[in-house]
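Going by my numbering, 892 is the number at position 375 of the sequence shown; the sequence numbering is gapless. Quick reminder that beta carbons are idealized off the backbone N, C-alpha and C, glycines included. Report on the following structure.
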Amino acid sequence: MDYKYMAEPYKIKMVEPIAVTTREQREEALKKAGYNTFLLDSEDVYIDLLTDSGTNAMSDNQWAGLMLGDEAYAGSKNFKHLQEAVRELYGFKHVVPTHQGRGAENLLSQIMIKPGDYVPGNMYFTTTRAHQELNGATFRDIIIDEAHDPQNEHPFKGNIDLRKLQDLIDEVGAEKIPYICLAVTVNLAGGQPVAMSNIKDVYALAQKHNIKVMMDATRCVENACFIKQREPGYAHKTIKEIVREMFSYSDGCTMSGKKDGIVNIGGFLALNDDDLYQKATSLVVVYEGMPSYGGMTGRDMEALARGMYESMDYHFISHRLDQVKYLGDRLMAAGIPIVKPVGGHAIFLDAKAFYPQIPQDEFPAQMLAAQLYLQSGVRSMERGIISAGRDKDGNHHYPKLELVRLTIPRRVYTYSHLDVVADSVIDLYKEREKVKGLRFVYEPPVLRFFTARFEPIK
Ligand code: PM9
């Protein structure tokens, strides 16, 4: 049977109560958190759309796997299961477990980047770029221009612009580009996918110049589902087949298992090259642990291996995309400015269009996230100027996109929760003209969005 939005392909067998708070309680909580939703206590949050990272509900099969943890210091059997999952589902030869995605980014950046190098990518991600820069590289955004326009409905807004890639190769020389960082999907563009044809073309161009392609595999299953739904020739392929094909046009990946691995912690670096793997194993013992557990316990590796298999189920992933689409459709029907087309893990509110009266350096997205919390206890996340940070001279990066992300955890909320979120955003939009911006009270030097504090501009 065909439904407009697929119902949850699971039954609920355990529940966790959530806090229903008053406006006064939320005002106090927000002040205490310095107007930063990252600093709110979870106990003060009603519907938590801060992130889909590590906030997933595991299945009964994954919880059963936790009981089978082999916590040997070396050679855990759960590592073998993880290795089998990575080999079978993603097709890479080697896997190095890490405590989460950024642990893998740290290893990859250290083994591949030399000071003075350039790392091109399809838009940046905060932790990914931070590791590249800490190792002396300059990041270059080579995503297609359409990705920077929230209203552009390109079906594969995560695509790399091959012209921009070629121009960078001509400008700095291929030997200064250790790898291309290709994210599937692109988080900060709005969870936008990359077409298989583009992945293939990028790999062909990279190979011609002897440059490696390293995928950010964090939301690769969402990307595969969009390929199935939107790209000619893929409708009849399974998610598993599409994922395998995507990775066949790359040399390795970093993975945050906390997203499409459907677990609460964990990640890995996967590689085909034996020498690079050797280098990664000698570093992982310094930063994470033995190469057969990295930063993970045996039971967590088991849950991740099982989650990776579950993520290949079309019903799981198409329901996930439908939940995101449902929220997007409700907001668009009410005329709320959001990034289009709707992406894989979240709805992104366009804060510049929501609060045009607030200049970007008075943080419209940060303020919108704060207002949404005050209104209904819904927690969201700024993805704009605060997340973009400062350049080497200390000036703000001014990203074109000034967004608030409403991120949907996997298998956690129902369509009714999403109705509450939609109603709350719609109410806020009606009162948008009165709202003013914020200023910093405390600004940390790196990844400032996590711990910065603000106060309202009177
Ligand atoms: N993403 C997110 O909420 C959590 C940290 S930032 C608030 O979207 C990509 C595309 C990510 C990502 C994390 C990481 C890092 C790498 N690539 O959080 O270290 O979206 O597991 O992964 C977050 P870890």
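Exercise for the section: Classify HIS753 as helix, strand or coil using the three-state DSSP reduction. Expected result: As a working note, residue 753 is residue 236 in the sequence shown. Note: HIS753 maps to coil in three-state DSSP.
Handout entry: Option nearest GLY959 by Cα separation, candidates GLU544, ARG540 and LEU556
Key = Looking up residue 959 in the sequence shown gives position 442. Per the sequence presented here, residue 959 reads as Tyr, with Gly not at that position. The shortest C-alpha separation from TYR959 is found at LEU556.
Practice task
For GLN709, count neighbouring C-beta atoms within 10 Å of its own C-beta (all shown protein chains included) and say buried if the count is 16 or more, exposed if not.
Solution key: For this step, residue 709 is matched to residue 192 along the sequence shown. Buried: at least 16 other Cβ atoms inside 10 Å.
Handout entry: beta-carbon GLN617 near the ligand PM9 non-hydrogen atom, thresh 7 Å
Key = Counted from its first residue, the sequence shown places residue 617 at position 100. True, at least one ligand heavy atom lies under 7 Å from that Cβ.
Exercise for the section: Classify PHE833 as helix, strand or coil using the three-state DSSP reduction. Expected result: One-based indexing of the sequence shown puts residue 833 at position 316. Three-state DSSP puts PHE833 in a helix.
Practice task
In the DSSP assignment, find the unbroken beta strand (DSSP E) run with HIS598 in it and report its ends.
Solution key: Looking up residue 598 in the sequence shown gives position 81. Careful: HIS598 lies outside any beta strand (DSSP E), inside the alpha helix (DSSP H) at 594 to 602.
Practice task
Tell me whether the beta-carbon of GLY861 lies closer than 8 Å to the beta-carbon of LEU821.
Solution key: Within the sequence shown, the letter at position 344 stands for residue 861. Within the sequence shown, the letter at position 304 stands for residue 821. No, they are not a contact pair.
Practice task
Classify ASN912 as buried or exposed, calling it buried when 16 or more other Cβ atoms lie within 10 Å of its own Cβ.
Solution key: Reading the sequence shown from its first residue, position 395 is the one you call residue 912. Burial call: exposed.
Exercise for the section: Could you tell me which of ASP662, ASN669, ARG657 and GLY675 sits nearest to GLU688, measuring between CA atoms? Expected result: Taking the sequence shown and counting its residues from 1, the one referred to as residue 688 is at position 171. Checking every option, the nearest Cα to that of GLU688 belongs to ARG657.
Problem - Close-in-space but distant-in-sequence residues of the same chain around ILE903 (CB under 7 Å, 5 per side omitted) - result: Here the question's residue 903 lines up with position 386 in the sequence shown. Around ILE903: PHE880, GLN883, ARG965, PHE966 and ALA969.
Problem - Among THR924, ARG949 and PHE865, the one whose alpha carbon lies nearest that of HIS665 - result: As a first step, residue 665 is located in the sequence shown; it is residue number 148 there, counting from the start. Per the Cα distances, PHE865.
Exercise for the section: Check the DSSP bridge columns for CYS698 and list the partner residues they point to. Expected result: Along the sequence shown, read from residue 1 onward, the residue named residue 698 stands at position 181. In DSSP, CYS698 forms a bridge with GLY638 and MET731.
Practice task
Note down the Cα distance separating ASN781 from LYS869, rounded to an integer number of angstroms.
Solution key: On the sequence shown, residue 781 is found 264 positions in, with the first residue counted as 1. On the sequence shown, residue 869 is found 352 positions in, with the first residue counted as 1. Taking the straight line from one Cα to the other gives about 33 Å.
Practice task
Could you tell me whether the region 602 to 616 touches the region 929 to 936, using the rule of 3 or more Cβ pairs below 8 Å?
Solution key: no
Problem - Inter-residue Cα distance where the pair is TYR890 and GLN617 - result: As a first step, residue 890 must be located in the sequence shown, where it is residue number 373. As a first step, residue 617 must be located in the sequence shown, where it is residue number 100. Cα to Cα, the separation comes out at about 28 Å.
Practice task
Determine, using beta-carbon pairs with one atom in the region 624 to 633 and one in the region 800 to 812, whether at least three such pairs fall under 8 Å.
Solution key: yes
Problem - Cβ neighbour criterion (16 or more within 10 Å) applied to ASN652 - result: Counted from its first residue, the sequence shown places residue 652 at position 135. It counts as buried.
Handout entry: Whole-angstrom distance between PRO632 and ASP577, CA atom to CA atom
Key = On the sequence shown, residue 577 is found 60 positions in, with the first residue counted as 1. On the sequence shown, residue 632 is found 115 positions in, with the first residue counted as 1. In a straight line, the C-alpha of ASP577 is about 47 Å away from that of PRO632.
Handout entry: Collapsed DSSP secondary structure at LEU844 in the structure displayed
Key = Along the sequence shown, read from residue 1 onward, the residue named residue 844 stands at position 327. Correct three-state label for LEU844: helix.
Problem - Bridge-paired residues (DSSP) for TYR959 - result: Against the sequence shown, residue 959 aligns to sequence position 442. Answer is ARG970.
Handout entry: Unbroken beta strand (DSSP E) run spanning ILE864, endpoints
Key = Mapped onto the sequence shown, residue 864 falls at position 347. Segment 863 to 867, the beta strand (DSSP E) holding ILE864.
Handout entry: Nearest neighbour of TRP580, chosen from ARG907, GLU827 and PHE785 [CA to CA]
Key = Along the sequence shown, one-based indexing puts residue 580 at 63. Residue GLU827 is the option with its Cα nearest to TRP580.
Problem - Member of GLU650, ILE529 and TYR607 whose CA lies at the smallest distance from the CA of CYS770 - result: To locate residue 770, count along the sequence shown from 1; it is residue 253. Nearest of GLU650, ILE529 and TYR607 to CYS770, Cα basis: TYR607.
Practice task
Note down, in chain order, each residue of its chain lying with its Cβ closer than 6 Å to the Cβ of ALA723, except the 5 sequence neighbours on either side.
Solution key: For this step, residue 723 is matched to residue 206 along the sequence shown. Around ALA723: ILE697 and VAL730.
Exercise for the section: Please go through the same chain and pick out, in chain order, the residues whose beta-carbon is closer than 7 Å to the beta-carbon of PHE957, but skip the five residues on each side of it. Expected result: Here residue 957 refers to the residue found at position 440 when the sequence shown is read from its first residue. Within the same chain, PHE957 has close Cβ partners ALA969 and PHE971.
Handout entry: Cutoff 6 Å; reference GLY954; Cβ partners in own chain excluding five residues on either side
Key = In the sequence shown, residue 954 corresponds to position 437, counting from 1. ILE875, GLU879, PHE880, MET884 and ILE974.
Exercise for the section: Pick helix, strand or coil for ILE744, following the three-state DSSP scheme. Expected result: As a first step, residue 744 is located in the sequence shown; it is residue number 227 there, counting from the start. Helix.
Handout entry: Whole-angstrom distance between PHE609 and PHE596, CA atom to CA atom
Key = Counting from one through the sequence shown, the residue named residue 596 turns up at place 79. Counting from one through the sequence shown, the residue named residue 609 turns up at place 92. Roughly 15 Å separates the two Cα atoms.
Exercise for the section: Please say whether ILE677 and ILE660 have beta carbons closer to each other than 8 Å? Expected result: The sequence position of residue 660 within the sequence shown is 143, counting from 1. The sequence position of residue 677 within the sequence shown is 160, counting from 1. Contact flag set, yes.
Problem - Nonlocal neighbours in the same chain, by C-beta distance under 8 Å from VAL537, ignoring five residues either side - result: Locating residue 537 in the sequence shown gives position 20, where the first residue counts as 1. Closer than 8 Å at Cβ, skipping near neighbours: TYR563 and GLY894.
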